[in-house]
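Number of protein chains: 2
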Amino acid sequence: MTDQRQRHPRPDRALARAVEASKAPAISRAAAVLRLLGKSDAPLGLQSIARDLGLVPSTCLHVLRALVAEEFVSIDPDTKRYSLEAGVLTLARHWLRRNRFTDLAQPVLDRIGQSFDVTVLGVHIVGLDHLIVVAVSQSGQNFQLSTQVGSRFPALISATGRCIAAFGDHSEAELEARFRTLRWDEPPTFDDWRVQVSQTRVQGFAVDAGNYISGVTVVAAPVWKTPGKLSHALVAIGIGSALKRRGLPALQDALVPAARTLSNQLCGE
Amino acid sequence: MTDQRQRHPRPDRALARAVEASKAPAISRAAAVLRLLGKSDAPLGLQSIARDLGLVPSTCLHVLRALVAEEFVSIDPDTKRYSLEAGVLTLARHWLRRNRFTDLAQPVLDRIGQSFDVTVLGVHIVGLDHLIVVAVSQSGQNFQLSTQVGSRFPALISATGRCIAAFGDHSEAELEARFRTLRWDEPPTFDDWRVQVSQTRVQGFAVDAGNYISGVTVVAAPVWKTPGKLSHALVAIGIGSALKRRGLPALQDALVPAARTLSNQLCGE
DNA sequence: GACCGCCATTCGATATATGAAATAGCGTTC
DNA sequence: GAACGCTATTTCATATATCGAATGGCGGTC
C-alpha cells in the first residue's frame, strides 16, 4: 500500500546525487538516515545504516550523533542500535497546526465518508513525484482500505494521478516517463490513460475503476490553494461493487462540490 | 561575531553550542530551522530565519535548499518564504507505526478517559529536559484541557515531573537546578516538592493538585519499557473540583494498574 | 582462555562546506 | 523614473567536515 522502494541491493544512488549537488550534504545524509530508520521495522546498527546508504561509517556516526542530539533519533545505549525518536512527532504537529487544508477538509471528509461508507482522504500534492496523505476519514466498515496520515504515493497513480495529469501543467513527455514507472494491479495503456485524463479535464474529477487496486474504485477531485497551481485533492476510496450499487454518481456529486468549496475557502484568504 | 550578538539580542545560543560541539553542524542548523519554522505562525523569509538563529544568510540558504530538496520545507516561489512541508508527516507516521507504547496505550487511555471524563495522555520521557505527548484521549466534555500528540513539556513539571524525579535516577543537584527553571501557576517550594516526590516513590504515582495549572488536577503513573529506565507515563488531567466530587481515588485506582499492565506488556516484549 | 570476526569509535590529512563581502533583483519612495 | 532600502543570491578564500585507515571493545567459537 505504501510506496516502499525496495532498493537494498545497492547503496542509494539518489542519495549520492543529492549529496553531490547540495552544498549541505550532511542534511541530505541525515534525511536519508531518517527515512531509512523510518522504513526499517527494527532498530539498526551503525554499520548496517552506513552500508545501506553507501556512507562511510565515521561520517554516518557523526550524522547519527547529531540526529540523536536533536532528538530525531534515539540510540539504545546497550545495543548501539538506532531508531526514530518522538521528536519527529513535534514537527508533524507543528505542520498540522498551521495547515488550513487539513482543518477545513476534515469535517468534509467525515461527512462524505459516513454518507457513502467509503474511506476519504485529503492529499497534498508535492510534485510529479508523489503525494502525501494529510487527512483521513475511515468509514467504520472498510478496514480493508486502510491508509494513514503521512503515507506517500506516486503522484500519477490512480484517480488522483489523472487529476494531476489533467490540471497540473506538465509536459506530455514528462508525464509519459513517469507513467511508465507506475505499478498498477490492472495497468491501463498509456493511450487509454490519456483519454481518461482528457475526460478528467472536462468533467472536473477523475475515476479509477479497479486499475490501481482490483475491485476498488477511487474517485478524486482537485483542490487549489492558489489559482493555477494544483496543490491538493479529495479522494474517495470504496469497494467497486458496493459503489456500483449505492451510486457512484451520487458520490461524485458530493465530492466535486466539496472540493470546489474547499478551493474557494483556501484561495479566498 | 560579538557585534552580531549585540545587534540581535537572542540569536539561539543553544544552537551555537550544538554547532560547536557537533561534527555535523549542518544538521543542527537544519533542525533549528525546522523548529523555527514549526514555531512560526507564518512562512518566513531567508533573512528572518538567519537573523533569528544567528546564521549567516548564505549558509542558511544552503540549509534551506537542502531541506527543500528533502521535502521537509517548502518554498513559495513567488514570495521566497519558507514553511514546513508535509514530508515531516511521513516521518511521524513511521515513528507511530513501529511504536508499541502508543498502540498498547491508546485503548487504555480511551477507557479511562471515558470512565472518568478526563483527558488522558500517554507521554514519552525524553530525558530530564522534556517529555513528548505521544497519545491522547480527549474526553468529550473537556474542551478546555486540550493537548495534541507531539506537544512538548518540561520534564519536571506537574505530576509527571514528580514521577520522573521519583523513579528516574537523577542527582539531587541536577533536579534542583531544573526545578528552579520551571514555571507553575502556583509553584510549590522545592522542599514541598521533594516531599511530594518521596511520597510518589512510595505510593507509585503522583498527583499535582493545581500547582501546574490552577484548578486543574493531574495524576501521573510511571511506565517502564525496560526495567530500571523510566521511559513513559500515563497522565490523567481533569478539573480539580469535578475530580474531587467524582472520586480522585477511583481514578488513581484505574490509572496505576493500567500503567503497571503496560509496563509488563512492554518489558515482556 | 585465547583467538577471531564484527562492530563502534578515534585520528589525522585533505577535499569541501562555510562565512564575509560583493552582486543582483524587486518593491517603495521621492 | 531614478534612487533607495531591502531582499535573495553568488563568489571565493579558508576554517573544517569528511574520509579511510587504525584502534579499541565485545561476543562468539574452538
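Here the protein sequences line up with chains A and H, keeping their order.
Quick note, the first sequence lines up with residues 548 to 816 if you use the working numbering.
Quick note, the second sequence lines up with residues 548 to 816 if you use the working numbering.
C-beta: ideal position from N, C-alpha, C; glycine also.
Measure how close the beta-carbons of residue 577(A) and residue 613(A) come, nearest whole angstrom, since I'm counting them as under 8 Å.
Residue 577(A) sits at position 30 when you count from the first residue of the first sequence. Residue 613(A) sits at position 66 when you count from the first residue of the first sequence. Contact annotation, residue 577(A) with residue 613(A): C-beta distance approximately 7 Å; criterion of less than 8 Å satisfied.
CB-CB length for residue 657(A) against residue 684(A), believed under 8 Å
Position 110 of the first sequence, counting from 1, holds the residue named residue 657(A). Position 137 of the first sequence, counting from 1, holds the residue named residue 684(A). That pair is a contact at about 5 Å.
Interface residues of chain A around residue 679(H) at Cβ under 8 Å?
The residue given as residue 679(H) occupies position 132 in the second sequence. Under the 8 Å cutoff, chain A gives 633, 634, 636 and 637.
Quick check on the burial criterion: 16 or more other C-beta atoms within 10 angstroms. Buried or exposed for residue 755(A)?
Position 208 of the first sequence, counted from the first residue, corresponds to residue 755(A). Counting Cβ neighbours within 10 Å, residue 755(A) comes out buried, since at least 16 surround it.
Boundaries of the beta strand (DSSP E) in which residue 771(A) is found, first to last residue:
On the first sequence, residue 771(A) is found 224 positions in, with the first residue counted as 1. 763 to 773 is the extent of the beta strand (DSSP E) around residue 771(A).
Please name the residues in the segment 723 to 739 of chain A whose beta-carbon is closer than 7 Å to at least one beta-carbon of chain H, in chain order.
none
Cβ of residue 796(A) within 8 Å of any chain H Cβ
On the first sequence, residue 796(A) is found 249 positions in, with the first residue counted as 1. Chain H, which has no Cβ nearer than 8 Å to the Cβ of residue 796(A), makes this no.
Could you pull out every residue in the same chain whose Cβ sits closer than 8 Å to the Cβ of residue 650(A), ignoring the five residues on either side in sequence?
In the first sequence, the residue the question calls residue 650(A) occupies position 103. No residues qualify anywhere along the chain.
Assuming the contact rule is C-beta atoms closer than 8 Å, residue 700(H) and residue 677(H) should be a hit. Round their C-beta distance to whole Å, please.
Against the second sequence, residue 700(H) aligns to sequence position 153. Against the second sequence, residue 677(H) aligns to sequence position 130. Between residue 700(H) and residue 677(H) a beta carbon distance of about 6 Å is seen, short of the 8 Å cut, so the two are scored as contacting.
Give me the residue from 799(A), 620(A), 627(A) and 779(A) with the minimum Cα distance to residue 814(A).
Taking the first residue of the first sequence as 1, we reach residue 814(A) at position 267. Selected option, being the one with the closest Cα: 779(A).
What three-state label does DSSP hand residue 794(H) in the structure shown?
Within the second sequence, the letter at position 247 stands for residue 794(H). Note: residue 794(H) maps to coil in three-state DSSP.
Among 585(A), 751(A), 623(A) and 587(A), which has the Cα closest to the Cα of residue 777(A)?
Position 230 of the first sequence, counting from 1, holds the residue named residue 777(A). Residue 751(A) is the option with its Cα nearest to residue 777(A).
Residue 706(A) and residue 801(A) closer than 8 Å at C-beta:
Within the first sequence, the letter at position 159 stands for residue 706(A). Within the first sequence, the letter at position 254 stands for residue 801(A). Result no, Cβ atoms of residue 706(A) and residue 801(A) do not sit closer than 8 Å.
Outcome for residue 599(A) when other beta-carbon atoms lying within 10 angstroms are tallied against a minimum of 16:
On the first sequence, residue 599(A) is found 52 positions in, with the first residue counted as 1. Burial call: buried.
Residue 699(A) bridges to which residues according to DSSP?
Residue mapping note: residue 699(A) aligns to position 152 of the first sequence, counting from 1. BP columns for residue 699(A) point to 679(A).
What number of angstroms, rounded off, separates the C-alpha of residue 710(H) from the C-alpha of residue 703(H)?
As a working note, residue 710(H) is residue 163 in the second sequence. As a working note, residue 703(H) is residue 156 in the second sequence. Looking at the two C-alpha atoms, the distance is approximately 8 Å.
Keeping to the same chain, check which residues put their C-beta closer than 8 Å to that of residue 583(H); ignore five residues upstream and five downstream.
Numbered from its first residue, the second sequence carries residue 583(H) at position 36. Counting only Cβ-Cβ distances below 8 Å, and skipping sequence neighbours, we find 591, 596, 599 and 600.
Go ahead and label residue 796(A) buried or exposed: buried means 16 or more other beta carbons lie within 10 angstroms of its beta carbon, across all protein chains shown.
As a first step, residue 796(A) is located in the first sequence; it is residue number 249 there, counting from the start. The residue is exposed, with fewer than 16 neighbouring Cβ atoms inside 10 Å.
DSSP three-state call for residue 576(A): helix, strand or coil?
By one-based count along the first sequence, residue 576(A) stands at place 29. In this structure, residue 576(A) counts as helix in the three-state DSSP scheme.
Can you confirm whether residue 613(A), when its beta carbon is compared against all beta carbons of chain H, has any partner nearer than 8 Å?
What you label residue 613(A) is simply residue 66 of the first sequence in a count that begins at 1. It does; some Cβ of chain H falls within 8 Å.
Partners in chain H for residue 640(A), counting only beta-carbon separations shorter than 7 Å
For the purposes of this step, residue 640(A) is taken as residue 93 along the first sequence, with counting starting at 1. Neighbours of residue 640(A) in chain H, taken as residues at a C-beta separation under 7 Å, are given in chain order as 695, 696, 697 and 698.
Beta-carbon neighbours of residue 768(H), restricted to chain A and to distances below 7 Å
As a first step, residue 768(H) is located in the second sequence; it is residue number 221 there, counting from the start. Residues of chain A passing the Cβ test: none, with the nearest at roughly 19 Å.
With DSSP as the reference, identify every bridge partner of residue 620(A), one or two as the case may be.
Here the question's residue 620(A) lines up with position 73 in the first sequence. Answer is 631(A), bridged to residue 620(A).
Run through DSSP, which three-state label would residue 609(A) get?
The residue labelled residue 609(A) in the question sits at position 62 within the first sequence. Residue state for residue 609(A) is assigned as helix, using DSSP reduced to three classes.
By the 10 Å Cβ neighbour count, where 16 or more other Cβ atoms means buried, how is residue 632(H) classified, buried or exposed?
For this step, residue 632(H) is matched to residue 85 along the second sequence. The residue is buried, with at least 16 neighbouring Cβ atoms inside 10 Å.
Going by DSSP, what residues sit across from residue 670(A) in a beta bridge?
Translated into the one-based positions of the first sequence, residue 670(A) becomes position 123. According to DSSP, residue 670(A) bridges with 680(A) and 780(A).
Whose C-beta lies closer than 6 Å to the C-beta of residue 790(A) among residues of the same chain, with five residues either side of it excluded?
Residue 790(A) sits at position 243 when you count from the first residue of the first sequence. Only 764 meet the Cβ criterion.
Which of helix, strand or coil does DSSP assign to residue 760(H)?
Residue numbering aside, residue 760(H) sits at position 213 when the second sequence is read from its first letter. Residue state, collapsed to three classes: coil.
Flag this pair as yes or no: are the beta carbons of residue 798(H) and residue 652(H) separated by less than 8 Å?
By 1-based counting over the second sequence, the position of residue 798(H) is 251. By 1-based counting over the second sequence, the position of residue 652(H) is 105. Taking 8 Å as the Cβ cut-off, residue 798(H) and residue 652(H) do not qualify as a contacting pair.
8 Å Cβ cutoff, residue 645(A) in contact with chain H:
Along the first sequence, read from residue 1 onward, the residue named residue 645(A) stands at position 98. Answer yes: the Cβ-Cβ gap between residue 645(A) and chain H drops below 8 Å somewhere.
At a Cβ threshold of 8 Å, is residue 683(H) touching chain A?
Here the question's residue 683(H) lines up with position 136 in the second sequence. Not one chain A Cβ lies under 8 Å of residue 683(H).
Using DSSP's beta-bridge definition, name the partner residues of residue 592(H).
Taking the first residue of the second sequence as position 1, residue 592(H) is located at position 45. Residue 592(H) is bridged to 628(H).
Backbone secondary structure at residue 753(H) - three-state DSSP:
For the purposes of this step, residue 753(H) is taken as residue 206 along the second sequence, with counting starting at 1. In the structure shown, residue 753(H) sits in a strand (DSSP, three-state: E or B).
Shorter than 8 Å from the beta carbon of residue 571(A) to some beta carbon of chain H?
As a first step, residue 571(A) must be located in the first sequence, where it is residue number 24. True, the Cβ-Cβ gap to chain H drops below 8 Å.
Alpha carbon to alpha carbon, what distance is there between residue 602(A) and residue 563(A)?
What you label residue 563(A) is simply residue 16 of the first sequence in a count that begins at 1. What you label residue 602(A) is simply residue 55 of the first sequence in a count that begins at 1. Roughly 9 Å between the two C-alpha positions.
Count the other CB atoms, across all protein chains shown, that sit within 10 Å of the CB of residue 811(A); report buried if there are 16 or more and exposed otherwise.
Within the first sequence, residue 811(A) is the residue found at index 264, counting from 1. It is exposed - the Cβ of residue 811(A) has fewer than 16 other Cβ atoms within 10 Å.
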